[in-house]
Amino acid sequence: MDAGNAVSAGASGAQAGANPAPAPVAPQDAPFITPSVDADVLYELTSPTGDAVMKQRMRWQVGSLRQRLDPEGSDLFMITSWPEHTLTVVDPSRKRKSVMPAPSQGLTPPGHPAMVGTYARLGGSVVAGESCIIWRTKDADGHASDVCYTADGLLLQVAQQGQITVRALRVSRVAQPDDVFAIPSGLKQEAPARP
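Numbering (full-length UniProt numbering), first residue to last: 1 to 195.
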């Protein structure tokens, strides 16, 4: 799971009072990083320097292993399909789409601890009214991140060098219909943008 500013599968929780708290789980060596429930989460993303803030909505459908990201203030949205190993960026206003390989070809199955990486359990926290366990992990470049996951695999917070870069503001465990993840027909395909 990417612990940078892009929110990836492994992010969500529930609105206070919407569902009972998840049952406690026995301590394990790594967090559950793929949601085992359908979810709709609103995140606040902050640059590592703290000078840029944006919101992003993440929706997850566990049955199809699909995720939708909607950055605030943009018509663009992104659909990741792990069974198809694709990330599709959709620009409805320009009637265009770009399809590329998903950022991670492998996905830890829902209900299983992370299969890749090292994690050290640091303690617990509450984010957006949800309990989560804080884990220290390192990204591919060796930078440490503290990530907070719920017992059912929803990412609630990411901190790097003491700076919170991803934080859930609102979490809802609700069924996500197929049409949320549908790619509109009639879009012209274009090559993915290069950094």
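Don't be surprised by glycine CBs; every beta carbon is placed ideally from N, CA and C.
Rounded to whole angstroms, what's the CA-CA distance from Ala175 to Ala191? Just pull it up for me.
-> 33 angstroms
Could you give the distance in angstroms between the alpha-carbon of Pro101 and the alpha-carbon of Val116?
-> 19 angstroms
Roughly how many angstroms separate the alpha carbons of Phe32 and Thr108, rounded to a whole number?
-> 8 angstroms
Straight-line CA distance for Gly124 to Asp70?
-> 28 angstroms
Tell me, which residues are paired with Phe77 by DSSP?
-> Val90
Classify Ile183 as helix, strand or coil using the three-state DSSP reduction.
-> coil
Own chain, CB closer than 8 angstroms to Trp135, minus 5 neighbours either side, in chain order | Ala30, Pro31, Tyr119, Ala120, Arg121, Leu122, Asp146, Val147, Cys148, Tyr149
Contact check, Arg66 vs Phe77 under 8 angstroms by CB: the rounded distance?
-> Actually they are not in contact, since the Cβ atoms of Arg66 and Phe77 sit about 12 angstroms apart, beyond 8 angstroms.
Could you round the C-beta distance between Cys132 and Leu156 to whole angstroms and report it? I think they count as a contact, below 8 angstroms.
-> 5 angstroms
Tell whether a beta-carbon distance below 9 angstroms holds between Glu72 and Arg167.
-> no
Going by alpha carbons, who is nearest to Ala178 out of Ser104, Ser64, Val89, Ala159?
-> First, the residue type needs correcting, since residue 178 is Asp and not Ala in the sequence shown. Comparing Cα-Cα distances from Asp178 to each of Ser104, Ser64, Val89, Ala159, the minimum goes to Ser64.
In the DSSP assignment, what are the bridge partners of Lys95?
-> Paired residues: none, contrary to the question.
What number of angstroms, rounded off, separates the C-alpha of Gln28 from the C-alpha of His112?
-> 10 angstroms
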